[in-house]
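Quick note: the sequence shown uses full-length UniProt numbering, first residue 1, plus one each step.
For each residue, glycine too, the CB sits at the ideal point set by N, CA and C.
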Amino acid sequence: MTTNGTANVLQPQDVISPKISTPQDILIRLCAVGINPIDTKLRKRGTFYPEQIPAILGCDGAGIVEAVGSNVSRFQVGDEVYFCYGGLGKKGTGNYAEYAVVDKRFVAAKPQSLSFAEAAAAPLVLITAWEALYDRGRLEAGRRVLIHGGSGGVGHVAIQLAKLKGAEVCTTISSAEKAAFVKNLGAHPINYQETNFVDAVNDWTEGEGVELAFDTVGSENLEKTFAAVQLYGDVVTILSPSETINWKEARSRNLRIGLELMLTPQLTHNLDAQLAQTKILEQCSRLIDQGGLKIHLHQTFPLEKAAEAHQLLEAGGMTGKIALVMN
1 MTTNGTANVL
11 QPQDVISPKI
21 STPQDILIRL
31 CAVGINPIDT
41 KLRKRGTFYP
51 EQIPAILGCD
61 GAGIVEAVGS
71 NVSRFQVGDE
81 VYFCYGGLGK
91 KGTGNYAEYA
101 VVDKRFVAAK
111 PQSLSFAEAA
121 AAPLVLITAW
131 EALYDRGRLE
141 AGRRVLIHGG
151 SGGVGHVAIQ
161 LAKLKGAEVC
171 TTISSAEKAA
181 FVKNLGAHPI
191 NYQETNFVDA
201 VNDWTEGEGV
211 ELAFDTVGSE
221 NLEKTFAAVQ
231 LYGDVVTILS
241 PSETINWKEA
251 RSRNLRIGLE
261 LMLTPQLTHN
271 LDAQLAQTKI
281 LEQCSRLIDQ
291 GGLKIHLHQT
301 FPLEKAAEAH
311 QLLEAGGMTG
321 KIALVMN
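Below, the structure written as structure tokens:
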């Protein structure tokens, strides 16, 4: 993108291939890249580094190690890897491309049971759901969880992570098809277009409310959710709370509010937090290969059709994730 705006600002261009510049760099030949809502937001409003335009978007990537720096021993040429790094507008990063250079510390071995497209669609949503439920929400076995948007990219992963922890899960959806999808993941579906989700949650919990609610929708949905959470419960959101939100219900219930932004480690250059996210990817890779965690890929597009992929994501209503694939 050479400017911000509609999806059409994404145009194929030839650029100089990135080169290894430090001993711990890895050159990766990208085979696929995940598309995330943060990509469309940065495209519309501008990146975190507007002075470094033009920019290549794309935080998530999966591919094959092409070359390694002199201080890299954990990976070798030919290894299959996946990661979440770059794509926020900083010069020399971004994965809507054929090659990327990434620090070895932020790369994990790709789950062998996933295709490159599935693996590329996974990192950001895996880290987001993991941090939201396990770190912010302090989820424990036996607890009841409400996950909003359970058929979406973050939502369908969150359901599975909650179930792996031994929790009971209900989730909001908008169609019979999506209800069947989340049921297959082990969640109780609540069609928010047909019923008041707060009433449905309270019925499901016999009037007690859930111990943890995970908001992936934002806006007025966060405020409505307070009434579905039991006293001293937790609410975690991945969206910025509105300035007009009424916190009275949350305060009267003594709710603990958690904010989750998985991009914080990159934006603040917090190495410890970045290393922790790499460990999450490593653990998730094992869970995926053991059959305990699946990534639902809705559709793929060739790299040069990135604008069409953005249009599909912004249209809403899809299940799971989408990805770009390289020839």
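Legend entry - Exposed unless 16 or more other CB atoms sit within 10 angstroms - verdict on I16: exposed
Legend entry - Beta-carbon proximity list for A141, same chain, < 8 Å, skipping 5 on both sides: K165, G166, A167
Legend entry - Residue closest to N184, alpha-carbon to alpha-carbon, out of D199, K163, Q193: N184 has its Cα closest to that of K163, out of D199, K163, Q193.
Inset, instruction - For the segment 238-303, list the beta strand (DSSP E) runs that are entirely contained and at least 3 residues long, ordered along the chain. - result: 256-259, 297-302
Legend entry - Segment contact flag, the segment 25-38 with the segment 89-103, C-beta cutoff 8 Å, min 3 pairs: yes
Inset, instruction - Compare the beta carbon distance of A132 and Y82 with 9 Å and say whether it is the shorter of the two. - result: no
Legend entry - Touching by the beta-carbon criterion (3+ pairs, under 8 Å), the segment 266-282 and the segment 290-301: As far as the Cβ criterion goes, the segment 266-282 does not touch the segment 290-301, which means the pair count is below three.
Inset, instruction - Pair every Cβ in the segment 291-311 with every Cβ in the segment 275-283, then say whether three or more of these pairs are closer than 8 Å. - result: no
Legend entry - Rounded separation between A309 and I35 - CA only: 8 Å
Inset, instruction - Give the single residue among R45, Y134, N196, S285 whose Cα lies nearest to the Cα of L161. - result: For L161, the closest C-alpha among the options R45, Y134, N196, S285 is that of Y134.
Inset, instruction - Please report how far the alpha carbon of N8 lies from the alpha carbon of L324, in whole angstroms. - result: 16 Å
Legend entry - Distance between Y96 and N327 (C-alpha atoms, nearest Å): 13 Å
Inset, instruction - Using the DSSP secondary-structure output, state which residues sit across from Y49 in a beta bridge. - result: Y49 is not bridged to any residue.
Legend entry - Whole runs of the beta strand (DSSP E) within the segment 166-233, excluding any shorter than 3 residues: 168-173, 188-191, 210-215
Legend entry - Whether G150 touches P189 by CB criterion (9 Å): yes
Legend entry - Local conformation of E66 per DSSP, three classes: strand
Inset, instruction - Take the Cβ of S73 as the centre, count every other Cβ of all protein chains shown within 10 Å, and call the residue buried at 16 or more, exposed below. - result: Flag for S73 reads exposed.
Legend entry - Cutoff 6 Å; reference G155; Cβ partners in own chain excluding five residues on either side: I147, G149, T216
Legend entry - Rounded C-alpha distance that separates V77 from G63: 11 Å
Inset, instruction - Could you tell me which residues DSSP pairs with E80 in its beta bridges? - result: Beta-bridge annotation (DSSP): E80 is paired with I64.
Inset, instruction - Throw me the rounded Cβ distance for the E211 and R144 pair, which I believe falls under 8 Å. - result: 6 Å
Inset, instruction - Run through the segment 15-50 for me and flag every whole beta strand (DSSP E) of 3 or more residues, listed as ranges in chain order. - result: 25-35
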